[in-house]
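Residue numbers (our numbering): 2 to 161.
Don't be surprised by glycine CBs; every beta carbon is placed ideally from N, CA and C.
Heads up, the thing below is written out as structure tokens.
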């Protein structure tokens, strides 16, 4: 029987997206919405769902932005907030960066469960978004055991 728990799986394109997609078996059977900054990933998501016999997931894009593009960040935040308000996920899962942070931040204040998994690319220290996301995430994880601390983030293995 399929779960009715709605999952928002959100990440920037590139390595963040690859790591997020590796987690997809975790929400098999749940209504899912994928969100990223690159519309080119839509076909990948649809092909994968068809190949795995899964229902067609929702797919949305949000504006690409980085910390030096303040106005674009504001627009990205508003786009992510709109996804949360209209889709109303029970759980938000992200591997970063900015769109994932905004989803965890806003989701926290909207009473949603949130999972932040810091990118495996950050082996020496947590990412900038990862450092900030910890105080808002329901579950805060790192993929490097050496970065795990008693107060978080926790280490529970790697995605790649």
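Between which two residues does the beta strand (DSSP E) holding residue 36 run? 33-37
At the level of alpha carbons, what is the spacing between residue 100 and residue 44? 20 angstroms
On the three-state DSSP scale, how would you describe residue 137? coil
Looking only at its chain, what residues have a beta carbon closer than 7 angstroms to the beta carbon of residue 77, apart from the 5 residues adjacent to it on each side? 63, 64, 66, 99, 100 and 103
Candidates 135, 123, 41 and 84: which alpha carbon is nearest residue 7's? 84
Expressed to the nearest angstrom, what Euclidean distance is found between the alpha-carbon atoms of residue 155 and residue 133? 15 angstroms
Check each candidate in 4, 33, 60 and 42 and name the one with the smallest Cα separation from residue 16. 42
Three or more C-beta pairs closer than 8 angstroms, one from the segment 30-41 and one from the segment 53-60: is that the case here? Between the segment 30-41 and the segment 53-60, the count of Cβ pairs shorter than 8 angstroms is three or higher; the stretches touch.
For residue 4, count the other beta carbons within 10 Å of its own beta carbon; 16 or more makes it buried, fewer makes it exposed. Which is it? Burial call: exposed.
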